[in-house]
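>
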Amino acid sequence: MYSLFPEPAYQIAVYREAPYWRERKGRYRLVGSKCKNCKELWWPPRISGICPNCHSKEFEEYEFSHEGEVFAFMQDAVPEPLMGTLVYGRDRRIIAAVKLKEGVCIMPTELVDCELSEVKEGMKVQLVVRKLRRSNNGNWLYGYMWTPVRE
Amino acid sequence: MVRKVAIVGFGSMDNSPEARRKDDLRSWRYKIAEAGHDILASVDKGMDPKDIQYIVTNYHGEATVEGGSPAEIVDALGMVPTGHSLITDQCTGSGTSFHDAWALVASGQYDRVLHIGWDSRYDLLNRADKRCLQSNVDYDYHLGFDHFHTTDMANYFNYKYYGKRQVLEATLQNVILRYWYANRNPKAGLYGVPCPIKKEEMLALLDKDEKEFLRRLPRGLATDGASGVVMVPAEDARKYTDTPVYVEGVAQKNTPNYPGWPMHYPLKEYDWMKVTNTPPDKFDFLCSPALWLSTKEAMKRAKIEPKDIDIAEPPFPDIFMFIEAMGICPRHGAAKFIIDGETAIDGRLPMCTHGGADGFGKASGADWSNGLVEAVIQLRGQAGERQAPKAEVCICQGVGGVGGMGAMSATAVLRRG
Amino acid sequence: MTGIIGYGCFVPYLRIKVDEIFETWRNYPLGLVKERMGFTERAVLQPNEDTITLAIAASKSAIKNSKIPREKIDALYLGTCTNPYDSKPSATVVAEALGVNPYLMCGDVQFSGKSGTAAIQICMGLVESKLASCGLAIGSDALNRHACPGRLFEYGASAGAAAFVIGKGEPIAEIEGTCSYASDTSEYWRNEGDRYIQSTGLSPGSPAGDLYPMWEVAYVDHVKHATESLMKKLSLKPEDYSYAIFQQPFGTATKNIMGRLGFTEKQVKLGDLAGMIGDCGAASALLGLANVLDSAKPDERIFVVSYGFGAGSDAFSLRVTSNIEKKRPEVPLRKIIERKKLVNYADACRNEYKYMQDLNPTYL
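Chains as they are written, first to last, in the working numbering: chain A, 87 to 237; chain B, 4 to 420; chain C, 66 to 429.
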């Protein structure tokens, strides 16, 4: 992300690396939280550190299962690039909600490496790690997507 | 001891196509000032800006990220040194600020409170920066999704639970009504814009070529917005106007902003399926418990039943849950309710009579308050061609959130004075 | 004896036919590309893929197929010459995404096309010397992203990844020995900060010199030295091997080298994949090895020799054990290669970011 002209161009709003780094386990491995007191599971991870159920502050990491089923899906039909993410070929993305065996629904997420015509509700999918976009400082951001489990 | 509160003035900025031609010439400060003074000017027996004792507004984050906007807004309104609370609550923000403004008067501490909901789209900040600056973006915005993805996903479930044909017919009816209402509302964004589709033609197309049908459906309008009301204790209402509108009940509820949350959020006290009156095989993450909870609580505080409600002013008639949460039609019966014409001006429940957010202009921070202002106009009988024949009780609803489908919701019940 | 405990591979879903590329550029005779160089298709990255995501996919599959708990991995070496980062390790991203225990020896290894086998050698060394109990060596490359549009290299530059778990416990194939040969010979290179891999150009005079730059003194020389040195060390001959796999910078590379070293068509058949998937760089020889292991029988010998421009070659002699029957991968490489979708040249260029845009894409 260099420019031919050295005068700095300030981006108004740039996240520090710290928020991306804090949430990386969730993006790479679907790590959420488990309350040590009431034993409930939480996705996304409880970054506030408080259990909504019993208000305990004791948590342990819980890696959710990397396999699930398609709960809902649709073709990306959003007409404008609303995000600075500039996802190319966006009209070919398959946006989906994936339900894991713990009952958690990962939504929104993407199905990759398959055609819209082969996606069915209840189809088994597994987690893959793909590149999302650049983070604000130029590093690459990686995260989960889902691909059909093919026998 | 909670005082009864009355609305004695209302107003909004002009969203009509004519006025919007000057949009880029005007900053957000101009727009909020325009609304503020429109509100005060509407008070029949007059209210001076100096009489306002407190201001509550809301926005979506435009202007500054570090705060400091309250000071600028008070200055923009010319109401220095009045106290001001600035709230951000996404698309239901003006409902939340209304709730707080109401509570200030109801508590007895203040006698004249100004409420304005406003939003300026990307005047200072660009869209990408604003989205990325959301606090709750870890597993949605950062992954390259927008709340439109979630709201579009609503169709997936609507087709399943209501039947695709019904949903599309209801959508068509909503579009027709949108233009009908907006063309009778001089301040609406689509005022003077004729409806680009014809009902019979589209119904015929629905049988033959669904893709073309969807392609031809006009999308809603997004604009800036600023609208609000001024509130006084009910005992003072007649000092300002002969047609006050009483605030019967207000409620606001907040739930997590992660779109998939209702599927797994185990709290001892709540069963989300029961809260949303949904059978397990029809439960999905778009059921918006917040909307159900806030509607129920507002109706309880107002001590009304579904049969008492005459008009509804949510921002979108396409979100079927607004009607169902009130209990006016059976669960999963809203599509039929709309197709049967019950939301038209001569139906059981005229809805979105200002054109809806799609017809008036979607400006998320002002969505709820645009509905509120329309509710006040209807209850005072000043709606002209779009006046609902029976206008005793009106309900204003809204939802907001990253999911767009109701992480937060505010509801208010108003009654004619 | 140190050996391969398990392996996994990944080849991208999208492919492009060389005919498509030719339709756009018409810059080289199609016969040269298809018949003489042997290319038919090569992989195209999706915007959400890069070397790291390929490596993660291959490693996940490798750990699963090895049937070992991921906590046992205490060395992870990512071999790639198309690293998304110049000065930051990509191996750490792979390690985090796999969830291996953070107390591990880790690093990126770059030796162009032989990065993957160099990583295997490093893991072998760590396991043999007991510094690590299990090492994960990954060869992953996305050459297509660094191939300049309109060049011969673009027709075959592909992407792929293969990961091997190296250790001592119940290997499916023992590594009998390895030998290497390296010298400073720059027939291809990519300078610091450069986008595209460049070459010194073809030399039509020498046989196969019109297919690969400096073929004789670069590829043949290094591969020959490594091969002969290994065979001498182990006192083996080409006839002792059931399979032979070579680095495949172009589709007919195997055909061109096998005769020189004394291998036959039958031995090289399974390991010869570039005709289907293009030049996968660090994963080239390793994907061929994976394809062979998918069908190899116990006690068969496998000869693998990789080559990296710049230049160097690693040769391995493997002997399949009886454990292989229990640890066949769930999804053989053949199925992964068959699972594909063809795209056109416009999609390929856009996906691989081969265009110029202005700097600040905020909205329009």
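From the three backbone atoms N, C-alpha and C, an ideal C-beta is built for every residue, glycine too.
(1) Could you tell me whether the Cβ of T147/C comes closer than 9 Å to any Cβ of chain A?
(2) Cβ of D249/C less than 9 Å from any chain A Cβ?
(3) Taking G353/C as part of the alpha helix (DSSP H), name the residues at either end of that continuous run.
(4) Assuming the contact rule is C-beta atoms closer than 8 Å, Y220/C and F311/C should be a hit. Round their C-beta distance to whole Å, please.
(5) Name the residues in the region 67-93 of chain C whose C-beta lies less than 8 Å from a C-beta of chain A; which are they?
(6) Could you tell me which whole beta strand (DSSP E) segments of length 3 or greater appear in the region 101-170 of chain C?
(7) How many Å lie between G170/A and I200/B at the Cα?
(8) What in chain A is Cβ-close to T157/C, meaning under 9 Å?
(9) Give me the Cα-Cα distance between E417/C and V396/B, rounded to the nearest whole angstrom.
(10) Assuming K405/C contacts Y78/C under a Cβ cut-off of 8 Å, what Cβ separation, rounded to an integer in Å, is found between them?
(11) Here's the rule I'm using: 16 or more other beta-carbon atoms within 10 Å means buried, otherwise exposed. How should E114/C be labelled?
(12) Exposed or buried, which one is M4/B when buried takes at least 16 other CB atoms within 10 Å?
(13) Hey, how far is the Cα of Y168/C from the Cα of E146/A?
(14) Assuming L116/A and Y228/A form a contact by the criterion Cβ under 8 Å, report the distance between their Cβ atoms to the nearest whole angstrom.
(15) Which residues bound the beta strand (DSSP E) around V379/B?
(16) Terminal residues of the continuous beta strand (DSSP E) containing D206/C?
(17) Which residues of the region 132-144 of chain C have a Cβ closer than 8 Å to any Cβ of chain D? Give them in chain order.
(18) Counting only Cβ pairs nearer than 9 Å, list the residues of chain C close to Y114/A.
(19) Going by other Cβ atoms of all chains shown within 10 Å of its Cβ, with 16 needed for buried, is S300/C buried or exposed?
(20) What residues from chain B crowd round L213/A, counting only those whose CB sits closer than 7 Å?
(21) Quick one: what's got a C-beta closer than 6 Å to A157/B's C-beta in the same chain, skipping five residues either side?
(22) Run through DSSP, which three-state label would A309/B get?
(23) Counting only C-beta atoms, is Y228/A closer than 9 Å to chain C at any point?
(24) Go ahead and pull the three-state DSSP assignment for L267/C.
(25) Would you mind telling me which residues of chain B sit closer than 9 Å to G208/A, beta carbon to beta carbon, in chain order?
(26) Return the residues of the region 106-119 of chain C that lie within a Cβ-Cβ distance of less than 8 Å from chain A, sorted by chain order.
(27) Using the Cα positions of Y308/C and A202/C, report the straight-line distance between them to the nearest angstrom.
(28) Which residues in the same chain have their Cβ closer than 6 Å to the Cβ of A283/C, if we skip the five residues on either side of it in sequence?
(29) What number of angstroms, rounded off, separates the C-alpha of D54/B from the C-alpha of Y113/B?
(30) Checking contacts by CB at 9 Å: is K406/C closer than that to chain A?
(31) Could you tell me which chain C residues have their CB closer than 7 Å to the CB of R60/A, listed as they occur along the chain?
(32) Tell me, to the nearest whole angstrom, how far the beta carbon of G316/C is from that of G336/C; I am working on the premise that it is less than 8 Å.
(33) With distances taken between CB atoms, is the gap from G346/C to T145/C smaller than 9 Å?
(34) Can you tell me which of A415/B, F323/B, T85/B and P318/B puts its alpha carbon nearest to the alpha carbon of H357/B?
(35) At a Cβ cut of 8 Å, what residues of the region 140-170 of chain B count as close to chain A, listed as they run along the chain?
(36) Please report whether the beta-carbon of L127/A lies at a distance below 9 Å from any beta-carbon of chain B.
Concretely, from the data shown:
(1) Taking Cβ atoms only, chain A never reaches closer than 9 Å to T147/C, which makes this a no.
(2) For D249/C, the answer is no, since every Cβ of chain A falls outside 9 Å of its Cβ.
(3) Looking at the DSSP string, the run of the alpha helix (DSSP H) that includes G353/C is S349 to S360.
(4) Not confirmed; about 19 Å, so no contact.
(5) Flagged, chain order: Y78.
(6) For the region 101-170 of chain C, the continuous beta strand (DSSP E) assignments of 3+ residues that do not extend past its boundaries occur at 106-109 and 140-144, in sequence order.
(7) Low per-residue confidence applies at G170/A: pLDDT is 44, beneath 50, and the placement is therefore not dependable, though the value from the model is reported in the following sentence. Near 34 Å, if we compare the C-alpha coordinates of I200/B and G170/A.
(8) The premise fails here: T157/C is roughly 10 Å from chain A at the closest Cβ pair, so nothing lies under 9 Å.
(9) When only Cα atoms are considered, E417/C and V396/B end up about 59 Å apart.
(10) Beta-carbon to beta-carbon, K405/C and Y78/C are separated by about 6 Å, close enough to satisfy the 8 Å threshold.
(11) Under this definition E114/C is a buried residue.
(12) Exposed, because fewer than 16 other Cβ atoms sit within 10 Å of the Cβ of M4/B.
(13) Those two C-alpha atoms are separated by around 20 Å.
(14) With a contact defined as Cβ atoms closer than 8 Å, L116/A and Y228/A miss out at about 13 Å.
(15) Looking at the DSSP string, V379/B is not in any beta strand (DSSP E); the run it does join, the alpha helix (DSSP H), is S367 to L382.
(16) Note, D206/C: beta strand (DSSP E), C199 to A207.
(17) Going by chain labels, chain D is absent from the structure shown, which instead holds the protein chains A, B and C.
(18) Under the 9 Å cutoff, chain C gives I121, V158, E161, A162, L163 and G164.
(19) S300/C comes out exposed.
(20) One finds nothing in chain B with a Cβ atom closer than 7 Å to the Cβ of L213/A; even the nearest lies about 13 Å away.
(21) So the qualifying residues of the chain are L289.
(22) Contrary to the premise, residue 309/B reads as Pro rather than Ala in this sequence. In this structure, DSSP gives P309/B a helical state, which the three-state scheme calls helix.
(23) The beta carbon of Y228/A sits closer than 9 Å to some beta carbon of chain C.
(24) DSSP places L267/C in coil when its eight states are reduced to three.
(25) What G208/A touches in chain B: nothing, since even the nearest Cβ is about 13 Å away.
(26) Residues passing the 8 Å Cβ filter: Q111, P112, N113, E114, D115, I117 and T118.
(27) Answer to the nearest angstrom: the Cα atoms are 22 Å apart.
(28) Hits under 6 Å: T250, E252 and A376.
(29) Annotation: D54/B to Y113/B spans about 11 Å, alpha carbon to alpha carbon.
(30) A Cβ of chain A is located within less than 9 Å of the beta carbon of K406/C.
(31) The structure shown does not extend to residue 60/A, since chain A spans only 87 to 237, so no value can be given for it.
(32) In fact, because the Cβ distance is near 13 Å, the residues do not count as touching under 8 Å.
(33) Between G346/C and T145/C, the CB-CB gap stays under 9 Å.
(34) Taking only the C-alpha atoms, the option nearest H357/B is P318/B.
(35) Result list: D141, Y142, D143, Y144, H145, L146, G147, F148, D149, F151, H152, T153, D155, M156, N158, Y159 and F160.
(36) Chain B contact via Cβ: present.
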